[in-house]
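Numbering (the working numbering), first residue to last: 796 to 900. Ideal placement from N, C-alpha and C gives every residue a C-beta, glycine not left out. Computed from a prediction, not measured in an experiment: that's the story for all the values here.
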Ligand code: 5GP
Ligand code: ZN
């Protein structure tokens, strides 16, 4: 979507460094980290939130991406968070999985 900040990041508009990338998703550092390590796993396809995700393959690939990037980065212990909906704290309406590790800030 043209006015979506994560679509722009995926498109390379801001030169954001990707920690990891595969066919389905990119992973980059959160700009306002809430833990020592705070990564975002973002599907390349624009999906507003988990509520709009009906692609079983993409759903599983996103979780497998969490596994792959944490393994690659040597992150053994981590939390995953998906904020869904404004009241739950979702600010960017392009689905993403937070990976949080180390001390929370
Ligand atoms: P949400 O609250 O929607 O679950 O999470 C959105 C996250 O995206 C926030 O943690 C916020 O810091 C991060 N974020 C928002 N804009 C940008 C950006 O332009 N670049 C990066 N790297 N992270 C962003
Ligand atoms: Zn988007």
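Using 7 Å as the cut-off, classify the Cβ of residue 811 as near or not near the heavy atoms of the ligand 5GP, replying yes or no. Inclusion of residue 811 in the 7 Å shell around the ligand 5GP follows from its C-beta lying nearer than that to a non-hydrogen atom of the ligand.
Should residue 805 go down as buried or exposed, given a rule of 16 or more other Cβ atoms within 10 Å for buried? Residue 805 is buried by the Cβ-count criterion.
Does any heavy atom of the ligand ZN sit closer than 7 Å to the C-beta of residue 841? At least one heavy atom of the ligand ZN is nearer than 7 Å to the Cβ of residue 841, so yes.
Nearest to residue 897 (by Cα), restricted to the options 856, 890 and 834: Taking residue 897 as reference, the option from 856, 890 and 834 with the minimal CA-CA separation is 834.
Rank 810, 811, 822 and 812 by C-alpha distance to the C-alpha of residue 890 and give the top, closest one. Out of 810, 811, 822 and 812, 822 has the C-alpha closest to the C-alpha of residue 890.
Which two residues bound the contiguous alpha helix (DSSP H) that contains residue 796? Where residue 796 is concerned, there is no enclosing alpha helix (DSSP H), given that its DSSP letter is neither H nor E.
Taking Cβ to Cβ, would you say residue 836 is nearer than 8 Å to residue 876? No, Cβ-Cβ distance for residue 836 and residue 876 is not below 8 Å.
State the CB to CB distance for the pair residue 815 and residue 887, rounded to an integer number of angstroms; the pair is presumed to be in contact (CB under 8 Å). Incorrect: roughly 19 Å between the Cβ atoms, too far for contact.
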